[in-house]
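Protein chains in written order, with our numbering: chain A, 1291 to 1371; chain B, 3 to 161; chain C, 129 to 867. No residue lacks a Cβ here, since even glycine has one placed at the ideal position from N, Cα and C. Right, one structure below, let's go through it.
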Amino acid sequence: MADVTIWGSLRRYTDGAETVEVAASTSRELLEALVAAYPGLADQVAAGVSLSIDGEVYKDAWFTPINPDSEVILMPLMVGG
Amino acid sequence: MKKIHVSLTVNGDAVDYLCEPQETLLDALRDHLNLTGAKEGCGTGDCGACSVTVDGRLISSCLMLAAEAGGVAVETVEGMANGAELHPLQRHILDGAALQCGVCTPGILVAAKALLAQNPDPSETEIRYWLAGNLCRCTGYDKIIRAVQSAAAEMRGEA
Amino acid sequence: MGREFKILGTTPPRPDGIEKITGKALFGADLNVTGMLHGAVLRSPHAHARIVSLDVSAAAALPGVKAVITADDFAEVENAANRDTLHNCMAHGRVLYDGHALAAVAAVSKSVARAALNLIRVEYETLPHVTDVDAAMQPGAPVIHQGKKHKLAGDDVSDNVVGYYSFGHGDIEAGFAQADTVLERSFKTAAAHQGYIEPNACLADFKGDKADLWVSTQGHYLVRDICADILGMESSQLRVTAAEIGGGFGGKTTVFLEPVALALSRKAGKPVKMVMSREEVFRATGPTMSSSMDVKIGMTADGRITAAHARLRYQGGAFPYAMVMMGAMSAFAAYDLDHVQAEGWDVMTNRPKMISYRAPGAPMAIYAVEAVLDELCQKLDLDPLEVRLLNAADEGTKSSYGPTFKAIGLKACLKAAQAHPHYSAPLGPNQGRGVSAGFWFNFGGQVSVSMAITPDGTVNLTEGNPDIGGSRASVSMMAAEELGIPFEQVNTVIGDTGAIGFSDTTDGSRVTFTVGIATIKAAKAVKAECCKRVAKIWEIDADAVEWIDGAVHPTGHNAGDFPPMSLAEIAAMAGRTGGPIAGHFEGAPDKAGVSFGVHIVDTQVDPETGFTKILRYTAFQDAGKAIHPDYVEGQMQGGAVQGIGWALNEEYIYGEDGVLQNAGFLDYRIPVASDLPMIDTVIIEVPNPGHPFGVRGVGETAIVPPLAAISNAVARAAGVRLYALPMSPPRILAAMDHG
């Protein structure tokens, strides 16, 4: 299991919860489990998200391992200049 | 469209081209003589990327008609180095990291050379005002000003 | 601090330097090929109109015209983002902003192409338009595209709101209740253009069903994949070569001319060159967002922030986009806060679609935050740097956008600023000093690098990221450092899309970090191969050899008594020991490491004219490890000056008719040399734990602090505070008159 922090405006889809618990050992499993548990997140996940895992931001890295005590933050997909 | 035949010297060589009446000296250099060192950044004389000298005078080549250039002597960035030997301004711009993208660099070099021809020991303020017609968006001008100062010092025999 | 480097930290001349100082470097508009046609684009004079009829027959009949295209020449595109991109490059049914393309021609000369544009007949039915962000959000505003409203936008805003985000933690109301002083201010910032000096340019050449495209871009793989999709090609059929790029700053991370040039070339069967005029660059490429913002901060009497709230409304032009999130995520990133919330709305208007501009979304948000902080410092009579230090984020801080920071350099920058002589230098009348912190995320992402060892033992490194600020130098340095060979023995080139694998675009301050990691890994592969070869040559075990400073050595006397073999010696024998030696890396490194900076600026405001002079400027920034310090300084100086322009002069000015009024460098005034002092720099190095050499991206952070730093300096110099950018002389004068 991993605790995932959901950003403010998406908490509408998690019954207001800032942090939700999902069973996952990789990024891909985590995103799949999130959408399965909270279908309202599907659009944003499809539009693009990054994951911050223990303070490092990962973009589209499906196989990044997630430990039970990892800090996981859902973030939008970002671009730079 | 009837074309106009123009003979002139560019970087010391006699050349000629056929131009349309509305074409600029910059167009002629780039499109007819294949000297693409001078750039068109604006076409309105605001950016200085097309700087060349005509009979020793610094101009924006986008503001001079190609048809008006008969008999003049044009100097461009392509004529700055003496064979493989770089002009001191070129060396100091390169060694001083005074370019990033490099698209304004030809104009800056031509303009700075024209400054040092008439004022071998310009103050920082004089350099800044002389180069105020040459836009650079990458460097913030700091290293360009320093490179012109150090090249000028070398050319005066001080460095 | 840790590892000693031989090459990193030195300042060799860049490998592409000679071409650029002799005029030989070929930029986007500098390539001419035999039989080439010249393309030109017809653009809308209206902010919003329906195209009732579009008759190109007279243009097509003009002698010398080889192709005319409109939206009808493009098939429908399935991918929504690419479809929007196509519709931005060529209007479909409606023109959505002043300058929107609706037809294009290719002809034997520029003058014939321009004459042909004049023969195109268009009948417009003008439609209501909106260019201001607050007006565009109002229910009842003209809607640019129906059906694009963001699901979370709410009922009290118009359908132009295509994004809504909020970030933060804690309970801001509880936090504000703990404050001794709460200050809320509203701000506006104008749209600014990246202002690259080289106008967008490309040359497209179809050959049968394949095509070559030469283009000034920050990402030629991105251009390839967007254009291939729009043109109905396979990506492998389109080979894109990145020209030398004359500035980008984020502005060249999409396409404008490229699909048009390709479609013209396909129709005409000839190469087509297209070059924008400066007016076209302003009217029809992407500036950055304009903004309207509210920021509220609560503070204790001794300067501790108790709560912070920002509401950011960004205007991003005529198509859906997602940028305000980065403003909302970065707004309070510099501070360690218990109660924080930042909300953002992305809004469409009848303006050109925005595109990234250096730290996109962050400068305006952080401007508003740092201005409120400064005003609180004035009200509470506190030192601005002390207050920032008191609240600064550090390693272990839970950031306002979620992640817990690793090692970061903000406190080091603030302390360096405090200790710098600039901060305590005396000021004269009408002079004021301002400070601001700044932040950018920095990104990693996909990268490909190929390192080939030539028979003489020198290195050809091919990478896929256009070099916008000297990255070939820094990449060559990292290769030389890792291999232990001289810098001059590495030649780095940017490959075309057929040369090596995919690379993400040159953006997000990612190149030195990402290509650096790839280069180090490719070099490690080369070293391993060399060790293997030499072990075979010496007929000893592979683990009995090691790589030291550019040569393979026996690991010790037990391994055997062999003189070291240099890379040149190994390369010379490669043909007999197994063939060419090379290393490569394809991957997607993450862990880019965020970057902070702090700027100090002194200004003098003329009370008669409202003119602001920049007297002194010092920028402090954490670079992790500065590979080539001159080019790191260059990024800091260039970013600072772009920010100075944004703060004082630069703005898109639209009339009531929705037409851009200042589409040229005369009226959209970017800083010139005589506007500025030297920009002093202090590079801080807090190594990024996610990079073998400690590198952090440095390109974007420096544009963030200047907006507030200058605003804060002007407030202290003029005695009145402005809440809108740019602070042009008439605005400052008006504020002083009312103050």
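{"Query": "Strictly by DSSP, which residues pair up with L350 of chain C?", "Result": "DSSP, once it has assigned bridges, lists no residue as partnering L350 of chain C."}
{"Query": "So L504 of chain C is in the alpha helix (DSSP H); what residue range does that whole segment cover?", "Result": "490–508"}
{"Query": "May I ask you to list, following chain order, the residues of the segment 779–809 of chain C that have a beta carbon less than 7 Å from some beta carbon of chain B?", "Result": "G792, F793, L794, I798, V800, A801, S802, L804, M806, I807"}
{"Query": "How about the segment 1353–1367 of chain A and the segment 1310–1327 of chain A: do they share at least three Cβ pairs that are nearer than 8 Å?", "Result": "yes"}
{"Query": "Assuming A841 of chain C contacts R561 of chain C (C-beta within less than 8 Å), just tell me the rounded distance between them.", "Result": "6 Å"}
{"Query": "Just reading off the beta strand (DSSP E) that G378 of chain C is part of, what are its end residues?", "Result": "Per DSSP, G378 of chain C belongs to no beta strand (DSSP E) and is neither H nor E."}
{"Query": "Give the secondary structure of S528 of chain C by DSSP, where H, G and I count as helix, E and B as strand, and everything else as coil.", "Result": "coil"}
{"Query": "Which one or two residues does DSSP pair with S1342 of chain A in a beta bridge?", "Result": "A:V1347, A:I1363"}
{"Query": "If we call anything under 7 Å between Cβ atoms a contact, is G472 of chain C one with A496 of chain C?", "Result": "no"}
{"Query": "DSSP state of M265 of chain C, grouped into three classes?", "Result": "helix"}
{"Query": "Out of C:F533, C:N593, C:A168, which has the shortest C-alpha to C-alpha gap to V577 of chain C?", "Result": "C:N593"}
{"Query": "List the residues of chain A whose Cβ lies closer than 7 Å to the Cβ of A493 of chain C, in chain order.", "Result": "Correct list: empty, because the minimum Cβ distance to chain A is about 14 Å."}
{"Query": "V468 of chain C CB to nearest chain A CB: under 7 Å?", "Result": "no"}
{"Query": "Chain B partners of R406 of chain C, CB-CB under 9 Å?", "Result": "E42, G43, C44, G45, T46, D48, C49"}
{"Query": "Counting only beta-carbon atoms, is Y19 of chain B nearer than 7 Å to chain C?", "Result": "no"}
{"Query": "Using the beta-carbon of each residue, which ones in chain C are nearer than 8 Å to G39 of chain B?", "Result": "T150, G151, K152"}
{"Query": "Can you list the residues of chain B that G145 of chain C reaches, using a CB-CB cut of under 7 Å?", "Result": "L96"}
{"Query": "So, helix, strand or coil for R148 of chain B, using DSSP?", "Result": "helix"}
{"Query": "Would you mind stating whether N207 of chain C and D357 of chain C have Cβ atoms separated by less than 7 Å?", "Result": "yes"}
{"Query": "Does the beta carbon of D144 of chain B sit closer than 7 Å to a beta carbon anywhere in chain C?", "Result": "yes"}
{"Query": "Exposed or buried, N121 of chain B, counting other C-beta atoms within 10 Å across all chains shown (16 or more means buried)?", "Result": "exposed"}
{"Query": "The beta strand (DSSP E) with H215 of chain C in it runs from where to where?", "Result": "It is not in any beta strand (DSSP E) - H215 of chain C instead sits in the alpha helix (DSSP H) that spans 208–217."}
{"Query": "Can you pull the chain B residues whose beta carbon is under 9 Å from the beta carbon of S239 of chain C, in chain order?", "Result": "M3, E22, Q24, E25"}
{"Query": "Can you confirm whether E1361 of chain A, when its beta carbon is compared against all beta carbons of chain C, has any partner nearer than 7 Å?", "Result": "yes"}
{"Query": "Within the same chain, show all residues whose beta-carbon is closer than 7 Å to that of N136 of chain B, passing over the 5 residues directly before and after it, in chain order.", "Result": "G50, S53, C106, G109, I110, A113"}
{"Query": "Does the separation of the CB atoms of K753 of chain C and G822 of chain C fall below 7 Å?", "Result": "yes"}
{"Query": "According to DSSP, is R849 of chain C part of a helix, a strand, or is it coil?", "Result": "coil"}
{"Query": "What residues of chain B sit near I596 of chain C, judged by a beta carbon separation below 9 Å?", "Result": "Q102, C103, C140"}
{"Query": "Where do the ends of the beta strand (DSSP E) carrying I676 of chain C lie?", "Result": "673–676"}
{"Query": "Which residues of chain B have a Cβ atom closer than 9 Å to the Cβ of A700 of chain C, listed in chain order?", "Result": "Chain B residues near A700 of chain C: none, gap ~29 Å exceeds 9 Å."}
{"Query": "Give, in chain order, every residue of the segment 272–293 of chain C whose Cβ lies closer than 8 Å to some Cβ of chain A.", "Result": "K279, L280, Y292, Y293"}
{"Query": "Can you tell me whether Q789 of chain C is buried or exposed, with buried defined as 16 or more other CB within 10 angstroms of its CB?", "Result": "exposed"}
{"Query": "I'd like the list of long-range same chain contacts for R306 of chain C, defined as Cβ closer than 6 Å, with 5 residues on each side in sequence excluded.", "Result": "Here the sequence assigns Gln to residue 306 of chain C, which means Arg is not the residue at that position. Excluding residues within five positions, the ones whose Cβ falls inside 6 Å are T434."}
{"Query": "Helix, strand or coil: which one does DSSP assign to T642 of chain C?", "Result": "helix"}
{"Query": "Since T477 of chain C and N288 of chain C should fall inside the 8 Å C-beta cutoff, what is the C-beta to C-beta distance between them, to a whole number of angstroms?", "Result": "7 Å"}
{"Query": "Taking only beta carbons into account, state which residues of the segment 543–574 of chain C come closer than 9 Å to chain A, listed in chain order.", "Result": "W568, F569, N570, F571, G572, G573, Q574"}
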